[in-house]
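Peer 1: Shown below is the structure under consideration.
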Amino acid sequence: MPESCEAAVTLSGDLHARPAGSLAMAAAKFASAVELTVGASKADARSVLAVMGLGATSGQQVTVRAAGPDARQAVTTMIGILADATRVGD
Amino acid sequence: MSDEAKVGIVLVSHSAALAEGTAEIAGQIGGGTVVIATAGGTEDGSIGTSIAKVRRALRLADAGAGVVILPDLGSSVLTVRALLSESENLPGPLAVADAPFVEGTVAATVTAAAGGDIKAVLSAAEEARHARKL
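So the protein sequences, as listed, match chains A and B.
With the numbering used here, letter number 86 in the first sequence gets 67, and the count goes up by one each step, no holes.
With the numbering used here, letter number 52 in the second sequence gets 40, and the count goes up by one each step, no holes.
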């Protein structure tokens, strides 16, 4: 029975290329589909180029939505990467 | 998935500097766990392509899961095609990506780093054509 899960985080730095890569690599490990939303833009978290294309900057809210058997864990992992990666302003 | 061999990447460019710089960017974004071998420029270091360099890069990049090749432009594509049509002693499986060079390399590297198979890595590279930057 697939579940869905959602959480949001406010970025403390810009979402640069390296954290986008970390998000995409982590998203690929989950069976759930994971989507990131910033304002009106959405991206499949597995696509590093789509994540970079969000152009998310410091102070913006990123919503993570996952649907699938490991949705909860996927959202927790994504939120963790978004919080850590943007903190160092990589 | 991550215990298995990863798909390797070969960059074929007219310029050694372009190939190496692109490999460096993709390596940083992809966490440095994928072999990205470069075949840039001619044997004497000028702008052009070298079938021998591509052959060497394929051997370096092959870890047993196959190699995705990204050519930059024009004769890079022709050189890769010539090599694939003539040689029997190539590692395999091999796939050539019809993709923008930098974006395709980054997308392919990230997918390979996550344990994607050669089909997934090729698709990631080719989907890069549709990714918008703005």
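Backbone N, C-alpha and C fix where the C-beta goes; we use that ideal spot for every residue, glycine too.
#1: Using a Cβ-Cβ cut-off of 8 Å, state whether Val94 (chain B) counts as contacting chain A.
#2: Using beta-carbon positions only, say whether Glu(-3) (chain B) and Thr97 (chain B) come within less than 8 Å of one another.
#3: Determine the direct distance from the alpha carbon of Gly36 (chain A) to that of Leu122 (chain B), and round the result to whole angstroms.
#4: Does DSSP put Glu76 (chain B) in a helix, a strand or coil?
#5: Assuming Gly104 (chain B) contacts Ala112 (chain B) (C-beta within less than 8 Å), just tell me the rounded distance between them.
#6: Listed in chain order, which residues of the region 6 to 31 of chain B have Cβ atoms closer than 8 Å to some Cβ of chain A?
#7: Quick test of your reading: Val43 (chain A) and Val19 (chain A), contact by CB under 8 Å. State the CB separation rounded to the nearest angstrom.
#8: When the Cα atoms are used, what is the spatial distance from Ala53 (chain B) to Ala100 (chain B)?
#9: Starting from Ser111 (chain B), follow the beta strand (DSSP E) in both directions and report where the run begins and ends.
#10: Considering Cα atoms alone, identify which of A:Glu(-13), A:Thr38, A:Ala26 and A:Ala52 is closest to Arg68 (chain A).
#11: Taking its Cβ as the centre, do 16 or more other Cβ atoms sit within 10 Å of Thr118 (chain B), making it buried, or is it exposed?
#12: Pull out every residue of the region 94 to 115 of chain B whose Cβ sits closer than 9 Å to any Cβ of chain A, in chain order.
#13: Please list the partners that Ala55 (chain A) has in chain B, where partner means a Cβ-to-Cβ separation under 8 Å.
#14: Taking Cβ-Cβ distances shorter than 8 Å, what residues in chain B pair up with Met59 (chain A)?
#15: With DSSP as the reference, identify every bridge partner of Arg46 (chain A), one or two as the case may be.
#16: Hey, out of B:Val90, B:Val(-5), B:Ile106 and B:Ala70, whose CA is closest to Val23 (chain B)'s CA?
Peer 2: Judging by the given coordinates:
#1: yes
#2: A small fix is needed here, since residue -3 (chain B) is Ile in this sequence, not Glu. A contact, by the Cβ cut-off of 8 Å.
#3: 8 Å
#4: coil
#5: 7 Å
#6: Ile13, Gln16, Ile17, Gly18 and Gly19
#7: 5 Å
#8: 10 Å
#9: Where Ser111 (chain B) is concerned, there is no enclosing beta strand (DSSP E), although the alpha helix (DSSP H) it sits in stretches over Ile106 to Glu115.
#10: A:Thr38
#11: The sequence as given places His at residue 118 (chain B); Thr does not occur at that position. By the 10 Å Cβ count, His118 (chain B) comes out exposed.
#12: Val94, Ala95, Thr97, Val98, Thr99, Ala101, Ala102, Gly103, Gly104, Ala108, Ala112 and Glu115
#13: Within chain B, no residue comes near Ala55 (chain A); the closest Cβ sits about 13 Å away, beyond 8 Å.
#14: Simply none; closest approach about 14 Å.
#15: A:Glu(-13) and A:Glu16
#16: B:Val(-5)
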